[in-house]
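In this note's numbering, the protein residues as written are 788 to 1072.
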């Protein structure tokens, strides 16, 4: 969160506060420190070397990708396909795909790729964490240093789902051989916050008795995730989805469900053994 204090005078009194964001046992703080990083002299931008083998930053970028519609519909928690036209000379470039605020400043990365014909952008999962009809755009950024450009299109975003942890259902029973959990949840956030640590979500496995954290993973706040090797050996546990930040614009109420692990019947008798062949050995004394 250091970026929030960029440019401020560090001299003075600093107050650190802690807010509870989940139901897990948090332990005891034994020490706390504050590091301040600074430059005495600001860099001279005019002296920074500019590359001459790529697009000039003072010229308008010519978009190499165009959308076949002026506005595309996206429905929360579903896959989607967006029809596009891609120039032949940029089909091998690396891209990132984002959902962003209308000005493009705040954005969240999504998983998407082109089909073999490069006429369809396939979105694996439309984020399910924003309120219905929130204004946003879809951005495709080229990461090719010799051909940097950005294309965007307006989005008609629809999210009529109820807020909560929708998958797995509360009370789901797993086998002792299961290790992974697929989760889906729905939020109604009022804005897109720039993708980073402060916008991640904590997926936590909690002991129902001691409230100890049995396992935890930080996930990007898009609404779905496979949690790998997260199922504990205990017979009952809580799965809780909670924010990593308690800032007002980033805070959500923790979502908790009860999950169970049931022992499976094992083999009640050993497999038939291969008969032992006895070889007679005669020893002479």
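Even glycine gets a Cβ: it sits at the ideal position worked out from N, Cα and C.
The structure presented is a predicted model; accordingly, all values stated were derived computationally and were not measured.
Around the beta-carbon of residue 885, 16 or more other beta-carbon atoms lie within 10 Å, marking it buried. Inter-residue distance for residue 796 and residue 823 is about 10 Å (C-alpha atoms, whole angstroms).
Ranked by Cα distance from residue 993, the options 909, 1046, 900 and 969 are led by 1046. Going by C-alpha positions, residue 883 is about 7 Å away from residue 930. Contact between residue 901 and residue 942 does not hold, since their C-beta atoms are separated by about 18 Å, which reaches or exceeds 8 Å. Counting the other CB atoms within 10 Å of its CB gives residue 1010 a total of 16 or more, which places it among the buried residues. Close CB contacts of residue 1014 within its chain, under the 7 Å cut and outside five residues either way in sequence, are with 967, 968, 970, 990 and 1004 (chain order). Ranked by Cα distance from residue 1006, the options 996, 944 and 914 are led by 914. The three-state secondary structure of residue 875, taken from DSSP, is helix. Cβ atoms of residue 926 and residue 939 come within 8 Å of each other, at about 5 Å. The residue from 997, 964 and 1012 with its alpha-carbon nearest to that of residue 955 is 1012. Residue 864 counts as buried, since at least 16 other C-beta atoms from the protein chains shown sit within 10 angstroms of its C-beta. Closest option to residue 933, judged by alpha-carbon separation, among 896, 877 and 977: 877.
Taken through DSSP and simplified to helix, strand or coil, residue 850 comes out as coil. If you look at residue 923, you'll find it in the beta strand (DSSP E) that goes 923-929. Here DSSP, grouped into helix, strand and coil, assigns residue 833 to helix.
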